[in-house]
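Structure first, then comments.
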Amino acid sequence: MKFLQFLGVIITASSLFACSTIDVAYTNKQAIQKRMKRVAVFPFDIKGAGWGDEFSDAISHQFFKSGKVTTIEREAIQKILQEQQLSASGLIDDKQAVKIGKLLGADVIIIGRGSALQAYRNNKFEPNCIDTFTLKAINTENGEILLTVRKEPGRAWDWRYRAKFCCGLTLIWNLNDILIESSQYDDIAKQVVKQILAILQEENKR
């Protein structure tokens, strides 16, 4: 009986792991490799939250930490936005962002918007969680979209959460725990940048 219960957990977990809520789309790897060198990450527009700028900082931090992409300081971006009398909340269109990116000397600008997840654990509200999110990396040279990232509602599974869920056999970590932990903007930033860097590394091998 215990074996059957264990087998049931594994089968359930396998079906849950079949897809990720974070998807990266692109068409031209060579253009990404060529341009993804000096990046300006603009404040994100996140509905239902006041931490869109902190989320964009988390993305910048992961790029900087990798040592593979140079990032422009948030203060420099905010200064230019103020000088151009544009919103620092992420509510700017693609053309405006490209213009600001050129003024900053950026090869690529990253803009994003989404919505916050209203999550609770043990009747306590859990802040800083992302429900849905869309990111665009735009070439400042011609305004071309180099890649897009889409985070759909649900758990952003990766190997860490697979291990925690399977090893705990749902006794320590339940699905709500995984949802909350994998939806934190710091964790989403790690997963997003990891996938973008994987594209750069794959291109560099050729």
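Converting from the sequence shown to my numbering requires adding 110 to each position, the first position being numbered 1. C-beta atoms are modelled at their ideal positions from N, C-alpha and C, and glycine is treated no differently. Small disclaimer: the values here were computed from a predicted structure and weren't measured.
key: Cβ separation of residue 299 and residue 165, assumed to be a contact under 8 Å, to the nearest whole Å   = For this step, residue 299 is matched to residue 189 along the sequence shown. For this step, residue 165 is matched to residue 55 along the sequence shown. Yes, they are in contact, since the Cβ atoms of residue 299 and residue 165 sit about 7 Å apart, within 8 Å.
Simplified DSSP state of residue 178, which is helix, strand or coil = Position 68 of the sequence shown, counted from the first residue, corresponds to residue 178. Under the three-state reduction of DSSP output, residue 178 falls in the coil class, being neither helix nor strand.
task = Along the alpha helix (DSSP H) that carries residue 207, what are the first and last residues, could you check?
result = As a position in the sequence shown, residue 207 is number 97, starting the count at 1. Where residue 207 is concerned, the enclosing alpha helix (DSSP H) stretches over 204–214.
message = Assuming the contact rule is C-beta atoms closer than 8 Å, residue 219 and residue 207 should be a hit. Round their C-beta distance to whole Å, please.
response = Taking the sequence shown and counting its residues from 1, one reaches residue 219 at position 109. Taking the sequence shown and counting its residues from 1, one reaches residue 207 at position 97. The pair is a contact, with the Cβ atoms about 5 Å apart (cut-off 8 Å).
request  = Give a yes or no on whether the C-beta atoms belonging to residue 256 and residue 186 are separated by under 7 Å.
outcome  = Position 146 of the sequence shown holds residue 256. Position 76 of the sequence shown holds residue 186. No; because the gap between Cβ atoms is not below 7 Å, this pair is not in contact.
Continuous alpha helix (DSSP H) stretch holding residue 286: start and end = By 1-based counting over the sequence shown, the position of residue 286 is 176. That run of the alpha helix (DSSP H) goes 285–293.
request  = Take residue 292 as the anchor and find which of 311, 309 and 238 has the nearest alpha-carbon.
outcome  = Looking up residue 292 in the sequence shown gives position 182. Comparing Cα-Cα distances from residue 292 to each of 311, 309 and 238, the minimum goes to 238.
key: 7 Å Cβ shell around residue 290 - same chain, five flanking residues per side excluded   = Against the sequence shown, residue 290 aligns to sequence position 180. Correct list, in chain order: 229, 231, 236 and 239.
ask   = Leaving out the 5 sequence neighbours to the left and right, which residues in its chain are closer than 8 Å to residue 254 when beta-carbon positions are compared?
value = Stepping through the sequence shown from its first residue, residue 254 is reached at position 144. For residue 254, the CB contacts under 8 Å within the same chain, skipping 5 residues up- and downstream, are 141 and 248 in chain order.
query = Just to confirm, are residue 172 and residue 303 a CB contact at a threshold of 7 Å?
reply = By one-based count along the sequence shown, residue 172 stands at place 62. By one-based count along the sequence shown, residue 303 stands at place 193. It is a contact, given that the beta carbons lie within the stated cut-off.
ask   = Going by alpha carbons, who is nearest to residue 162 out of 154, 169 and 168?
value = Taking the first residue of the sequence shown as position 1, residue 162 is located at position 52. Here the closest residue by C-alpha is 154.
inquiry  = I need the DSSP call for residue 257, collapsed to helix, strand or coil.
reply    = Here residue 257 corresponds to residue number 147 of the sequence shown, with the count starting at 1. In this structure, residue 257 counts as strand in the three-state DSSP scheme.
ask   = When you compare each of 147, 213 and 134 to residue 192 by their alpha carbons, which one comes out closest?
value = Position 82 of the sequence shown, counting from 1, holds the residue named residue 192. Answer by Cα proximity: 213.
task = Flag this pair as yes or no: are the beta carbons of residue 311 and residue 266 separated by less than 7 Å?
result = Position 201 of the sequence shown, counting from 1, holds the residue named residue 311. Position 156 of the sequence shown, counting from 1, holds the residue named residue 266. Taking 7 Å as the cut-off, the beta carbon of residue 311 is found no closer than this to the beta carbon of residue 266.
Buried versus exposed, by CB contacts within 10 Å (16 or more), residue 147 = Position 37 of the sequence shown, counted from the start, is the residue given in the question as residue 147. Exposed, since its Cβ has fewer than 16 Cβ neighbours within 10 Å.
ask   = Residue ranges of each beta strand (DSSP E) run of no fewer than 3 residues wholly in the stretch 217–256, ordered along the chain?
value = 218–226, 229–231, 234–236 and 240–249
ask   = With distances taken between CB atoms, is the gap from residue 168 to residue 216 smaller than 7 Å?
value = What you label residue 168 is simply residue 58 of the sequence shown in a count that begins at 1. What you label residue 216 is simply residue 106 of the sequence shown in a count that begins at 1. Inclusion of residue 168 and residue 216 in the CB contact set at 7 Å is not warranted, their separation being larger than that value.
inquiry  = Can you give me the C-alpha to C-alpha distance between residue 174 and residue 241, rounded to a whole angstrom?
reply    = Taking the first residue of the sequence shown as 1, we reach residue 174 at position 64. Taking the first residue of the sequence shown as 1, we reach residue 241 at position 131. Using only the alpha carbons, I get a separation of about 25 Å.
query = In this structure, does DSSP put residue 147 in helix, strand or coil?
reply = By 1-based counting over the sequence shown, the position of residue 147 is 37. In the three-state reduction of the DSSP assignment, residue 147 falls in the coil class.
query = Secondary structure at residue 308, three-state DSSP: helix, strand or coil?
reply = Translated into the one-based positions of the sequence shown, residue 308 becomes position 198. If DSSP states are grouped into helix, strand and coil, residue 308 belongs with the helices.
inquiry  = Taking only three categories from DSSP, how would you classify residue 135?
reply    = On the sequence shown, residue 135 is found 25 positions in, with the first residue counted as 1. If DSSP states are grouped into helix, strand and coil, residue 135 belongs with the strands.
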